[in-house]
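Residue numbers (this note's numbering): 215 to 395.
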Amino acid sequence: MEYEERLAPAIPRVWTDGMNGIRADLREWLRRASEGSQGWVPYRFELSFGLAARARPTADASSVIEPVAVLNGALLRGSIDLVERRMDGVLRVTDHKTGKARVDDDAVVNGGATLQPVLYAMAAERLLAAPVASGRLYYCTADGDFTERVIELNETSRASAGSALSIIGGAIDAGFLPAAL
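If you want it as structure tokens, here you go:
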């Protein structure tokens, strides 16, 4: 009720429809999560690193205030939505998305536009000192058709992320960051 009073638009139906959409997405997301775990079980939630200024009581106990070095000295700050673990101790990193799935099935870093799954997987590997199988984008709404994009953490994905970070680092060093087309 408090949020409705503060945030609701002038037309009550817009609020009601929006809330019903969120409820439907949440129910479907939970239904799917309970059916198909494929051996993955939740292990860490909101695992953050390098976010001292945004420390929250909801951050995982394994969170750290320092950024994590991932590749080529690049320091990463962020918050991993979900880390799952299999019985063999291998981890999988998931970032939940609410929009349409705009990343191709076979993408690795998507020309540098989709670095999060690989970089967050490497950050989890460092933070939790455990092998990470993959990074995953999970589109957890009807808009995203409840689809996932899984990017294996392997030599190819590490090299692709390293290449993207080198290009970004070079652009920063040169003081030239062109607008994306």
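Note that the Cβ used here is the ideal one computed from N, Cα and C, for glycine as well.
Checklist entry - Got a sec? Which residues, its chain only, sit under 7 angstroms from Leu-329 by beta carbon, not counting five neighbours each side? => result So the list reads Val-323, Ala-375 and Ala-378, once near-sequence residues are dropped.
Checklist entry - In whole angstroms, what separates the C-alpha of Leu-289 from that of Leu-367? => result Near 18 angstroms, if we compare the C-alpha coordinates of Leu-367 and Leu-289.
Checklist entry - Taking buried to mean at least 16 other C-beta atoms within 10 Å of its own C-beta, is Ala-275 buried or exposed? => result exposed
Item to check | When Ala-347, Arg-220, Leu-240 and Asp-359 are compared against Arg-300, the one with the closest alpha-carbon | outcome: Ala-347
Checklist entry - Are the beta-carbon atoms of Phe-263 and Ala-335 separated by less than 7 angstroms? => result no
Checklist entry - Taking C-beta to C-beta, are Phe-360 and Arg-245 nearer than 7 angstroms? => result no
Next on the checklist: I'd like to check one pair, Gly-349 with Val-307: are the Cβ atoms closer than 7 angstroms?
Outcome noted: yes
Checklist entry - From Tyr-257 to Val-304, what distance separates their C-alpha atoms? => result 11 angstroms
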